[in-house]
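Going down the list, the sequences are from chains A and B. Going by our numbering, the first residue of the first sequence is number 1, and it counts up by one from there. Going by our numbering, the first residue of the second sequence is number 1001, and it counts up by one from there.
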Amino acid sequence: MKEFKFTVTDPVGIHARPAGILVKEIKKFSSKVMIANKDGKEADGAKLLALMGLGIKQGDEISVKVTGDDEDTCAAAVEAFLKENL
Amino acid sequence: MKVSTGIKIVNGIAIGKLKVYKAPVYDIDMSLTDDTAVELKRFEEARVKVQAQQHLLYEKALKEAGEDSAGIFEAHEMMLDDDDLIDACKSIIEDQKHKADYATKVGFDNVAQMFKEMDDPYFQARSADIVDLKNAMLDVLLGNDTASLQGTDPSILVAEDLAPSETVKLDKSLLLGLVTREGSSNSHTAILARSMNLPTLIQCKDIDDSWDGKFAILDGYNSCLYIEPTQDLVDSLTARKKEDQKSEALLQELKGKESSTIDGRVVRVYANIGGPSDIGSVQANDAEGVGLFRSEFVYLNSSEDPSEDAQFEAYKRVVETLSPKLVIIRTCDIGADKTIDYMKLDKEENPALGYRAIRICLTRKEFFKRQLRALLRASAYGNLGIMFPMIISLAEVRECKEVLSECRKELEEKGVKVGKFETGIMIETPAAALCADELAEEVDFFSLGTNDLTQYTCAIDRQNAKLEPFADTHHPAVLRLIRMTIEAGHRHNTWVGICGELGADLTLTEEFLRMGVDELSVNPKSVLPLRKKIRSLDLSK
């Protein structure tokens, strides 16, 4: 299992458009990606509406857990995406 | 005539007939069925169809409103791929034996509710997006024809509220303006309306179906709708609309273009402003800088001597917002004619010739230094020019520079950063104009205050209407002093601008350019007409 934390810098937080593209990215991999918001509430990273339902805003620290055969490449890709877009 | 008030989202004037827009009604079939396969198929077909529709809306919005507004439709497409949503609807069909219509309504409503219950306004607003998608699905499932809701003639649309997709689907050629009963200024509809520049009012609570077909005027400037307006209103607002269209056209034509003559002479066209609230108009009118920022607002808006920090915040804001454009701030130009109690200025017989402006500053050093320190601190945030008004002698200029130097040392000793800045003076007295050669040695620029220069040169009180017959705004003496100032300035590498009203007088532009003026600073609305004039001149002829 790979795990990392990330602090959101985008002023709107994790909003519809980047969330949608993140979900698309995650779906490319076979690993399961669970994202937890600062209150510990978790959502499956492949589910757009659930991800948006976490209400992640600017300044929030999220924790990302990746489990699966391609967890290394998946975690790296997700972290890179977050840094680049959120 | 009836008047309905609301909140303006997009300014402008729309004149035309009202069309009351009725959203389609959804009669959901609640009956159960054993033929779940058929219903699953209907659901999936509708889902794919709506996704394709959202994509078309994305492309239409991209053309009409831009990338940021169009993005929401891209997000809609992705929402329709969400497994949780799809599974929820499918299970209502498979497990509860309901039809696709009901499954859609409940499935989507549940997600909408989830968003509504979140405590961030951005996420709450997404609830409306889900409802929008639900209605798009239901339109397909129920076979609703949404095309004919606008009528056949251009009209001002009146509605309860409009979903983003409804706003984008509208035929723009039939749309003059928009008025809704509900709506929020951050809704997508508002965002789309802004990018389409469509005059829009929201929160008009007394919208009525009986208005359908009536002649009306949407007045964005006053945030209201006039239903069956009086002839006077029709005339004045029609005229206003024509003016707006002319300014808009001018803006489109000249924005971003250089203020240069046909034969290649470049002039700087700046704006004169009176406070931070005017910053927007500098950008809106595409001024290349600020040739005169009147600092008096800082003194007039305070009930006591404004602190250095308060002044610094105000100056920093302007300089930073407009950076890298040059912003020339004139130091305090107050006199006995402006009543500011805390300044404790004695009443004078001739305030125009009295204890004012630089004379106050040089005899109230602490007062002056507060302003100068605030200005020096602000200089670190952009491109600043400091300008001293009402100068009549070389000694005054030298003293100003000394005080400025003192302030600079004080700040640097405290480790406060001071940026680069230009120093200049107003040439608004005959004395200054006639001694321009000596003064030019001391400063980086001159700015001609032609209003006062004319007053002092012709010995005519600007405020006295009785003297109209004797006043000549193009008095040869004044023009001669302007020419002398420009030539003297240039002999000493000092650039010369005009910030008085004559700068905006298009009948003098050619003459000023032939004199060699480097900069013209005018009220914001005159910037583009002036640029147009300059671009029409050929000084080689």
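For every residue, glycine included, the Cβ atom is placed at its ideal position computed from N, Cα and C.
Scanning its chain for C-beta atoms nearer than 8 Å, with the 5 sequence neighbours on each side dropped, one finds around L1040/B the residues K1090, I1093, E1094, A1100, in chain order. A43/A is outside the set of residues whose beta carbon lies under 7 Å from a beta carbon in chain B. The beta carbon of T1200/B sits closer than 6 Å to those of I1009, V1010, L1178, A1193, all from its chain and outside the five residues before and after it, given in chain order. Between the beta-carbon of D1444/B and that of E1422/B there is about 4 Å, and that keeps the pair under the 8 Å contact cut. Within the model, the alpha-carbon separation for Y1270/B versus E1248/B is close to 19 Å. In this structure, L1372/B is the residue among L1372/B, I1007/B, N1383/B, P1524/B with its C-alpha nearest to the C-alpha of S1307/B.
With respect to the C-alpha of V1131/B, the residue from I1386/B, T1104/B, T1152/B having the closest C-alpha is T1104/B.
Residue-level contact check: A76/A does not touch chain B, since none of the beta carbons of chain B fall below 7 Å from its beta carbon. Per DSSP, the continuous alpha helix (DSSP H) segment holding G1280/B begins and ends at 1279 to 1284. The DSSP-derived three-state label of C1400/B is helix. The beta carbons of K1019/B and G1107/B sit no closer together than 7 Å.
With fewer than 16 other Cβ atoms from the protein chains shown falling within 10 Å of its own Cβ, M1001/B counts as exposed. T1509/B and L1530/B do touch by the CB rule: their CB atoms are close to 7 Å apart, below 8 Å. Among the residues of chain B, none has a CB under 9 Å from the CB of G59/A; the nearest is roughly 12 Å distant. Around R1514/B, the same chain offers L1539 as residues with beta carbons nearer than 8 Å, after the five sequence neighbours per side are excluded. Comparing alpha-carbon positions, the option among G1385/B, G1497/B, A1440/B, T1005/B lying closest to D1206/B turns out to be T1005/B. K1316/B and L1138/B have their C-alpha atoms some 54 Å from each other.
A1440/B places its beta carbon 7 Å or farther from that of L1218/B. Distances from the alpha-carbon of E1288/B to those of Q1053/B, E1519/B, H1055/B put E1519/B closest. Per DSSP, the continuous alpha helix (DSSP H) segment holding C1458/B begins and ends at 1450 to 1458. Residues of chain A whose Cβ lies closer than 7 Å to the Cβ of D1082/B are, in chain order, K47, L48, L49.
At least one beta carbon of chain A lies nearer than 7 Å to the beta carbon of D1120/B. In the DSSP assignment, W1495/B forms a beta bridge with F1445/B. The Cβ-Cβ distance between S1295/B and R1330/B falls below 7 Å. Residues of the same chain with a CB within less than 8 Å of the CB of G53/A, apart from the 5 flanking positions on each side, are A43 in chain order.
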